[in-house]
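Number of protein chains: 4
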Amino acid sequence: MPVPAPNLYPDFNIVRLSHVEYRVQDLAKSRAFYVDTLGLQVTYEDQDRIYLRAMEERGHHCIVLVQADNSDVGVLGFKLFDDPDLDKAAAWFASKGLPVDWIERPHMGRTLRTRDPWGVPLEFYVKMDRLAPIHQKYKLYNGVKPLRIDHFNMFSADVDASVAFYNEMGFRTTEYTEDAETGKVWAAWMHRKGGVHDVAFTNGKGPRLHHTAFWVPTPLNIIDLLDLMATTGWVDNIERGPGRHGISNAFFLYILDPDGHRIEIYCSDYQTVDPDLEAIKWDLKDPQRQTLWGAAAPRSWFEHGSVFEGADLKESALKAQPIIAP
Amino acid sequence: MPVPAPNLYPDFNIVRLSHVEYRVQDLAKSRAFYVDTLGLQVTYEDQDRIYLRAMEERGHHCIVLVQADNSDVGVLGFKLFDDPDLDKAAAWFASKGLPVDWIERPHMGRTLRTRDPWGVPLEFYVKMDRLAPIHQKYKLYNGVKPLRIDHFNMFSADVDASVAFYNEMGFRTTEYTEDAETGKVWAAWMHRKGGVHDVAFTNGKGPRLHHTAFWVPTPLNIIDLLDLMATTGWVDNIERGPGRHGISNAFFLYILDPDGHRIEIYCSDYQTVDPDLEAIKWDLKDPQRQTLWGAAAPRSWFEHGSVFEGADLKESALKAQPIIAP
Amino acid sequence: MPVPAPNLYPDFNIVRLSHVEYRVQDLAKSRAFYVDTLGLQVTYEDQDRIYLRAMEERGHHCIVLVQADNSDVGVLGFKLFDDPDLDKAAAWFASKGLPVDWIERPHMGRTLRTRDPWGVPLEFYVKMDRLAPIHQKYKLYNGVKPLRIDHFNMFSADVDASVAFYNEMGFRTTEYTEDAETGKVWAAWMHRKGGVHDVAFTNGKGPRLHHTAFWVPTPLNIIDLLDLMATTGWVDNIERGPGRHGISNAFFLYILDPDGHRIEIYCSDYQTVDPDLEAIKWDLKDPQRQTLWGAAAPRSWFEHGSVFEGADLKESALKAQPIIAP
Amino acid sequence: MPVPAPNLYPDFNIVRLSHVEYRVQDLAKSRAFYVDTLGLQVTYEDQDRIYLRAMEERGHHCIVLVQADNSDVGVLGFKLFDDPDLDKAAAWFASKGLPVDWIERPHMGRTLRTRDPWGVPLEFYVKMDRLAPIHQKYKLYNGVKPLRIDHFNMFSADVDASVAFYNEMGFRTTEYTEDAETGKVWAAWMHRKGGVHDVAFTNGKGPRLHHTAFWVPTPLNIIDLLDLMATTGWVDNIERGPGRHGISNAFFLYILDPDGHRIEIYCSDYQTVDPDLEAIKWDLKDPQRQTLWGAAAPRSWFEHGSVFEGADLKESALKAQPIIAP
């Protein structure tokens with residue numbers, strides 16, 4: 001079954017993914033990971049939470065770390081184009097029978113809080129505090145030199161349904177994996193902002209967040225991060241990579257934060273702004289879709305994910321993905 | 001005088017810059033430059049013209065080289081979002097008293113031909129022949145490994161007026177240089193596709209094309225190109241760089257093709273999709289806006305440009321830019 | 001047991017490792033690997049053999065590929081400092097009861113052929129045909145842009161004995177792995193030319209050649225090679241990497257040629273010319289000595305090697321190395 | 001006139017260049033330059049002096065900064081192979097009628113202090129305090145990530161004579177520039193440690209130190225340093241580059257410390273251990289010998305240098321070098 005045709009005229013205009021709230025059990029340890037090791041910049045912090053931005057971002061935050069009892073995900077945030085889009089979004093979610101709440105968020109303007117049909121907590125906004133540029137303050141660059149948040153990747157127990165829902169919101173599929181046996185979409189990459197993806201879905205027990213990705217300048221920054229993590233006590237937090245994905249053509253590294261939230265460090269995808277961009281189809285049996293160079297991913301990469309606060313988990317009806325043995 | 005507020009709801013939706021037609025006096029020599037040295041891929045060629053694409057492009061061409069008696073620029077091409085945009089664009093140009101012609105172009109669908117108020121030849125289309133992806137055919141990569149066309153930069157004799165006109169078309173200003181003495185905008189960078197620019201304007205005798213830019217993966221590809229050009233007879237075609245622009249934060253190299261058309265090789269700008277992105281203002285007297293590292297550009301870089309076929313040149317009323325001596 | 005003190009005044013002066021003769025079963029296929037994929041330059045070829053050099057080498061060859069019935073290793077070659085060193089070397093080998101033959105080699109001057117005590121075929125020379133520099137002929141660079149041969153790594157059934165023998169020849173140990181349980185040296189890296197090694201020995205069934213290594217400019221060249229191999233039919237010849245060795249600090253990739261001869265692509269070791277350089281000791285149980293970043297090597301990497309023509313294999317008395325599971 | 005044949009059997013064995021003493025007028029400002037900006041590591045400091053090493057060095061220091069009234073150069077230091085070499089060196093200098101003093105140096109063993117015939121202050125030693133390796137302590141890397149001191153470059157008023165003298169000491173010429181009109185050597189690069197040079201001489205008022213060079217991993221580290229200097233108040237200390245030298249094939253950057261001492265940041269030369277390596281001759285009129293890519297060096301680069309404490313300056317008899325205008 002092919003992915004659905006892109007919806008060129010969605011009810012509301014999502015600009016891009018924006019931020020994620022990670023609930024963490026040891027805020028100081030998370031700070032050591034995200035600030036001292038990855039090099040994200042603190043824009044606000046107190047006893048209970050830390051707000052972070054990457055080097056070229058002018059919005060107030062792309063990650064919120066919240067001290068909590070459970071290591072789960074509080075919300076995925078998206079930026080809308082203009083104020084009317086907020087009301088159109090509210091109407092659209094309401095029409096689907098999904099929750100619509102207007103909430104107060106520090107550093108953000110009017111914010112719509114909802115969930116997708118599988119319980120993934122979402123929030124939409126137009127205005128967030130804007131900060132002065134720091135992308136040319138080179139003294140501040142350290143760690144992996146993270147430039148911007150790039151995408152969310154989620155496990156879904158029904159990828160075809162997830163793709164249909166997010167497609168209706170205007171996310172356009174750039175690449176996908178089809179299970180030839182069942183004709184089902186196994187995984188899909190969907191964008192709003194002109195790269196390979198703002199969100200992606202992979203078959204598995206869901207909904208869960210597989211990872212949040214950050215964009216960095218070159219593969220050498222990823223090598224620098226590996227050297228740094230390997231010699232500062234974080235070697236066990238290196239999960240997979242470096243490598244090249246067949247899908248998206250990304251040069252990647254996967255690491256785990258102290259709570260097990262997975263972060264991808266990423267560069268080298270391609271521009272996808274053409275509305276007639278043809279989605280690239282991959283066969284589930286082609287091992288190069290995952291690692292162009294052929295190395296196998298560890299089992300944890302296929303199985304582990306972060307749960308969303310308040311979302312019920314469901315097993316996928318599709319059989320488990322064949323893991324390529326090393 | 002600040003740049004105008006972005007027009008978030010233009011009459012028609014321009015996706016991105018798309019292609020340029022360069023008229024050249026020795027097609028074989030131009031082929032040696034663009035294909036054998038830069039590494040662009042030929043998608044069609046005959047006695048009179050060569051069509052080229054970069055490695056991640058699926059549209060048929062980003063450059064058309066046409067054998068001609070004069071070394072000028074035939075047209076700048078832009079891709080629109082959807083068919084209705086073509087008619088809306090035609091209506092908008094007609095409302096401005098500008099020419100509106102529907103022309104036949106090989107490899108392209110319905111094409112609107114017009115000119116901006118200063119005579120710059122423009123064409124707009126929605127459909128161009130789509131080609132199979134080659135971005136993972138690594139055996140084909142050579143030269144500077146050009147990934148995609150990035151932007152056009154033009155001399156304008158009245159930058160304020162050019163910015164106002166292109167702003168009305170929906171181009172959003174990301175950075176600009178102001179002449180504090182006159183309060184005039186000296187130069188401006190404006191985008192549609194989510195990078196620093198699709199088009200830029202600089203004060204000077206105009207309209208002329210200052211350069212067309214190509215995006216490459218990393219600064220090392222630019223160093224590779226320099227080494228290659230320096231040892232294959234093209235050393236005199238290296239005009240400026242490598243360096244870092246203050247404006248746009250780009251790592252750059254400027255080279256001249258056999259007809260003197262200037263090409264920029266470019267990486268490292270930043271994402272600009274936020275509609276509330278604040279334009280960054282630079283002072284005309286700040287030498288770091290041009291070269292963050294302080295090295296002066298050669299005089300030719302300020303003075304030389306390619307004329308547009310059929311456009312009359314006009315001097316700028318602003319006095320010449322202060323060239324920083326080496 | 002520590003490694004022996006360096007012998008600062010050996011009987012003869014070895015400048016560096018020089019070349020290897022690989023016997024291969026399909027010369028055309030080997031050419032596709034070494035020339036078309038790795039980018040080594042052919043300096044001579046006929047029906048039966050191909051001579052290759054890397055981009056900064058002026059000696060005639062660093063690899064000789066010989067059409068043969070067996071995929072083994074013909075000889076390891078070393079360059080001596082001056083003519084008298086040849087005779088001193090001959091005397092030294094004779095004094096050890098090892099074979100001493102003066103042989104004719106095309107493209108080489110007077111050549112001493114011998115074997116080490118375990119049967120590894122060795123040849124020593126002072127003069128080899130000198131070729132014009134090509135390191136600035138950037139048009140010739142392709143593949144992984146190999147700059148020079150860097151080292152040989154061998155399995156030895158008695159590493160302590162191998163180290164003692166090569167130490168007496170003047171190879172100085174830079175790093176080594178000790179098996180704390182037995183007090184034996186498990187592996188050692190030894191140099192003449194001022195890098196981490198010209199030769200290395202690892203415990204295992206021996207003598208066998210584990211790999212020959214080539215030096216490249218930066219890690220990005222290794223990434224380029226991976227992309228190229230992965231998309232031109234060589235993906236199954238990628239064995240391990242990319243990664244960083246703890247030992248030597250090298251950024252590495254291991255690949256297999258069509259006959260299973262292992263090639264390492266390598267950059268980032270360090271200068272070792274100080275005669276009082278302290279050897280760095282690693283614990284056999286420290287997994288970061290092999291991969292600083294923690295990823296396991298595949299089993300084949302520990303077990304597979306190329307046999308030397310005419311050398312008898314012997315099992316090591318030490319127990320098998322613990323392979324870190326992925 | 002060709003350069004002299006290499007002296008393969010010099011009276012004493014110089015291993016490599018080792019360190020330089022810079023006398024500076026504001027120690028705190030020099031610290032900001034060398035430590036906070038370049039990233040060299042402090043190994044000792046007090047009110048009057050700072051000792052520095054680069055990341056892969058285990059010797060105690062490669063630069064000594066000494067608070068002084070004049071911005072000159074105290075001494076150039078070289079490491080000898082073994083203790084007997086020190087006495088042989090003393091005898092050799094004495095035989096030339098040059099000064100021979102045995103001096104006390106903190107952190108160093110027996111030290112021979114002398115001058116070359118033109119007054120350049122030299123010191124030779126075998127033992128210097130050895131420090132624990134830090135090349136894998138990646139948290140310490142910053143600035144340009146300097147790995148090791150690479151070479152000294154000096155103005156000489158008689159390059160032929162300088163080359164003859166240092167050649168007799170065993171420095172071997174790898175590349176040189178000849179003035180075809182006079183048959184004189186204009187400049188020469190000479191090595192001991194197996195790279196393109198430990199010392200170089202260029203025609204001009206001398207003796208003066210043109211620069212001391214540091215080796216870094218890749219060109220990207222040089223770009224990082226440029227970005228850092230350009231945005232932390234050091235932009236005026238960037239003198240020339242980045243670029244590629246024809247001679248040595250080095251990727252280079254020249255910067256000036258607060259006292260005007262010139263530092264080269266450098267990568268990409270080649271291995272020169274072969275004793276029969278043919279010196280490469282360049283024509284003084286070939287502009288690519290200086291900058292392969294064709295850009296001119298600023299006038300200051302040809303004219304400015306650091307004087308040696310206690311050495312008298314002399315003009316060269318050769319006419320001034322043609323400076324290629326930008």
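Protein chains in written order, with full-length UniProt numbering: chain A, 1 to 326; chain B, 1 to 326; chain C, 1 to 326; chain D, 1 to 326. For each residue, glycine too, the CB sits at the ideal point set by N, CA and C.
Rank the options by C-alpha distance to the C-alpha of residue i and give the top, closest one.
{"i": "Asp48 (chain D)", "options": "D:Cys62, D:Lys88 and D:Asp69", "result": "D:Asp69"}
{"i": "Ser18 (chain B)", "options": "B:Glu123, B:Tyr270, B:Phe252 and B:Gln290", "result": "B:Glu123"}
{"i": "Thr43 (chain C)", "options": "C:Ala28, C:Gly97, C:Gly59 and C:Ser30", "result": "C:Gly59"}
{"i": "Arg244 (chain C)", "options": "C:Thr231, C:Ala161 and C:Cys267", "result": "C:Cys267"}
{"i": "Arg208 (chain B)", "options": "B:Ala200, B:Gly233 and B:Phe214", "result": "B:Ala200"}
{"i": "Asn142 (chain D)", "options": "D:Phe308, D:Tyr34 and D:Gly109", "result": "D:Tyr34"}
{"i": "Arg299 (chain D)", "options": "D:Ala250, D:Glu315, D:Glu239 and D:Phe252", "result": "D:Glu239"}
{"i": "Ile63 (chain D)", "options": "D:Asp158, D:His211, D:Phe251 and D:Thr272", "result": "D:His211"}
{"i": "Leu253 (chain A)", "options": "A:Glu181, A:Ile247, A:Ala213 and A:Ala90", "result": "A:Ala213"}
{"i": "Lys96 (chain C)", "options": "C:Asp82, C:Phe165 and C:Glu56", "result": "C:Phe165"}
{"i": "Glu57 (chain C)", "options": "C:Glu303, C:Phe81, C:Pro133 and C:Gly109", "result": "C:Pro133"}
{"i": "Trp158 (chain D)", "options": "D:Phe302, D:Ala188, D:Val126 and D:Ala295", "result": "Sequence inspection shows Asp at residue 158 (chain D); the Trp mentioned does not correspond to that position. Of the candidates D:Phe302, D:Ala188, D:Val126 and D:Ala295, the one whose C-alpha sits nearest the C-alpha of Asp158 (chain D) is D:Ala188."}
{"i": "Pro117 (chain D)", "options": "D:Gly109, D:Ala94, D:Val126 and D:Pro106", "result": "D:Ala94"}
Applying the criterion that 16 or more other CB atoms from any shown protein chain within 10 Å of the CB defines a buried residue, is residue i buried or exposed?
{"i": "Asp150 (chain B)", "result": "buried"}
{"i": "Val24 (chain C)", "result": "buried"}
{"i": "His197 (chain C)", "result": "buried"}
{"i": "Ile324 (chain A)", "result": "Legend: pLDDT at Ile324 (chain A) = 47, less than 50; position of this residue unreliable, no value from coordinates given."}
{"i": "Ala317 (chain A)", "result": "exposed"}
{"i": "Trp102 (chain B)", "result": "exposed"}
{"i": "Asp72 (chain C)", "result": "buried"}
{"i": "Ala5 (chain C)", "result": "exposed"}
{"i": "Ala297 (chain D)", "result": "buried"}
{"i": "Leu284 (chain C)", "result": "buried"}
{"i": "Pro146 (chain D)", "result": "buried"}
{"i": "Ala311 (chain B)", "result": "buried"}
{"i": "Thr291 (chain B)", "result": "buried"}
{"i": "Gly246 (chain C)", "result": "buried"}
Since I believe residue j is in contact with residue i (beta carbons under 8 angstroms), could you give me their beta-carbon distance rounded to a whole number of angstroms?
{"i": "Arg148 (chain D)", "j": "Ala54 (chain D)", "result": "5 angstroms"}
{"i": "Pro242 (chain A)", "j": "Leu226 (chain A)", "result": "7 angstroms"}
{"i": "Arg130 (chain C)", "j": "Pro121 (chain C)", "result": "Contact doesn't hold; Cβ gap of about 25 angstroms is too wide."}
{"i": "His61 (chain D)", "j": "Tyr270 (chain C)", "result": "Not really, about 17 angstroms apart at Cβ, beyond 8 angstroms."}
{"i": "Leu52 (chain D)", "j": "Gln67 (chain D)", "result": "With a Cβ gap of about 14 angstroms, Leu52 (chain D) and Gln67 (chain D) do not count as contacting."}
{"i": "Phe155 (chain C)", "j": "Gly305 (chain C)", "result": "5 angstroms"}
{"i": "Lys319 (chain D)", "j": "Tyr176 (chain D)", "result": "Rounded, the Cβ-Cβ distance is 18 angstroms, inconsistent with contact."}
So residue i contacts chain F; which residues on that side make the cut at Cβ distance below 9 angstroms?
{"i": "Gly119 (chain D)", "result": "This model lacks chain F altogether; the protein chains it does include are A, B, C and D."}
Whole alpha helix (DSSP H) runs in the segment 277-321 of chain D with 4 or more residues, listed along the chain? Fully enclosed alpha helix (DSSP H) runs of 4 or longer: 299-303.
Three or more beta-carbon pairs under 8 angstroms between the segment 185-201 of chain A and the segment 186-197 of chain D, yes or no? These segments do not touch.
Three or more C-beta pairs closer than 8 angstroms, one from the segment 74-90 of chain D and one from the segment 252-270 of chain D: is that the case here? Counting Cβ pairs under 8 angstroms, fewer than three are found: no touch.
May I have a chain-ordered list of the alpha helix (DSSP H) segments no shorter than 4 residues that lie completely inside the UniProt domain "VOC" (148-268) of chain B? Here the runs fully enclosed are 159-168 and 219-230.
Unbroken alpha helix (DSSP H) runs of length 4 or more, entirely within the UniProt domain "VOC" (16-127) of chain D: which are they? List check, alpha helix (DSSP H) in window: 27-31 and 83-95.
Say whether the segment 229-236 of chain D touches the segment 270-280 of chain D, bearing in mind that this needs 3 or more beta-carbon pairs closer than 8 angstroms, one atom from each stretch. Contact between the segment 229-236 of chain D and the segment 270-280 of chain D is absent, because fewer than three Cβ pairs lie under 8 angstroms.
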